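A.B. asks: Everything in the sequence shown is counted per my numbering, starting at 59 for the first residue and increasing by one.
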Amino acid sequence: MRKYKLAGGFAMDPERELKVFREMSKKGWHLDAVKGFFYRFEKGTPHDYHYALNAEMKTNQEMLVFYKASGWEPVLIGEGYQVFRAEPGTPPIFSDKESQMEVLERNQVMSGKHARLFGVLLVIWIIISGLIDLGVLEVIGMVVLMVGFIFTLFPYLGFTRSLKKLK
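1) Starting from phenylalanine 142 and walking both ways along the beta strand (DSSP E), at which residues does that stretch end?
2) I'd like to check one pair, glutamate 100 with aspartate 90: are the Cβ atoms closer than 7 Å?
3) Quick check: what's the CA-CA separation for glycine 86 versus valine 178?
4) Tell me whether the stretch 216–224 and the stretch 163–176 touch, counting them as touching only if at least three CB pairs, one residue from each stretch, are closer than 8 Å.
5) When the Cα of valine 161 is compared with those of Leu195, Leu221 and Glu73, which residue comes out closest?
6) Quick check: the Cα distance between tryptophan 183 and tyrosine 97, rounded to an integer number of angstroms?
7) Given arginine 74, which residues of its chain have a CB within under 7 Å of its CB, disregarding the five upstream and five downstream residues?
8) Assuming proline 146 and histidine 88 make a contact with CB atoms under 8 Å, what is their CB distance in whole Å?
9) Below 6 Å CB to CB, which residues in the same chain sit around leucine 122 once its five sequence neighbours on both sides are set aside?
10) Which runs of the alpha helix (DSSP H) spanning at least 4 residues fall entirely within the stretch 116–181, listed in chain order?
11) Counting C-beta neighbours from all protein chains within 10 Å, is the total for proline 213 16 or more, i.e. buried, or is it exposed?
12) Which residue marks the beginning of the beta strand (DSSP E) containing lysine 225, and which one marks its end?
13) Between which two residues does the alpha helix (DSSP H) carrying lysine 63 extend?
14) Give every residue of the same chain whose Cβ lies closer than 6 Å to the Cβ of phenylalanine 79, excluding the five residues on either side of it in the sequence, and list them in chain order.
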């Protein structure tokens, strides 16, 4: 049996998301996948797993083997995010603030660059749309650029917020 829950976003408030995963696991619903804007949970035995998020843009097998050997089981592996779970008492994934901040800063810079790019393209599109009648293309272009801008701006803001919390 499966259950779906609306995703709040790893980048915006990772601590809240990890708490949701832990509470669901205690009830026997274990994180299984991300499907669009929803987390998917699989029914299982209730268990008090601790969850952790890593925000590396790319993963490799060596990294996953290291985490497994450290007691962290990979649950979700995606580009820009990896969610792991472990038994209570397992040493944390990040043992120091500096390494955690390094990963967050890299992601903040990358998402910031993408947000600026979409923002500039959006402004250019608005100017062009005001000068030339593009018909349906005007709306399509506006929607595509706005979605791109929003989906890069929010992670940037989330990484910025997480960095401020660490400092």
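By construction, the Cβ of each residue, glycine as well, lies at the ideal position given by its N, Cα and C atoms.
Predicted model only: the values in this text are computed from it and were never measured.
C.D. replies: To lay it out plainly:
1) 139–144
2) yes
3) 46 Å
4) yes
5) Leu221
6) 34 Å
7) Gly66
8) Rounded, the Cβ-Cβ distance is 15 Å, inconsistent with contact.
9) Pro132
10) 119–127
11) buried
12) Neither: lysine 225 is in no beta strand (DSSP E) and is coded neither H nor E.
13) It is not in any alpha helix (DSSP H) - lysine 63 instead sits in the beta strand (DSSP E) that spans 60–64.
14) Leu89 and Tyr109
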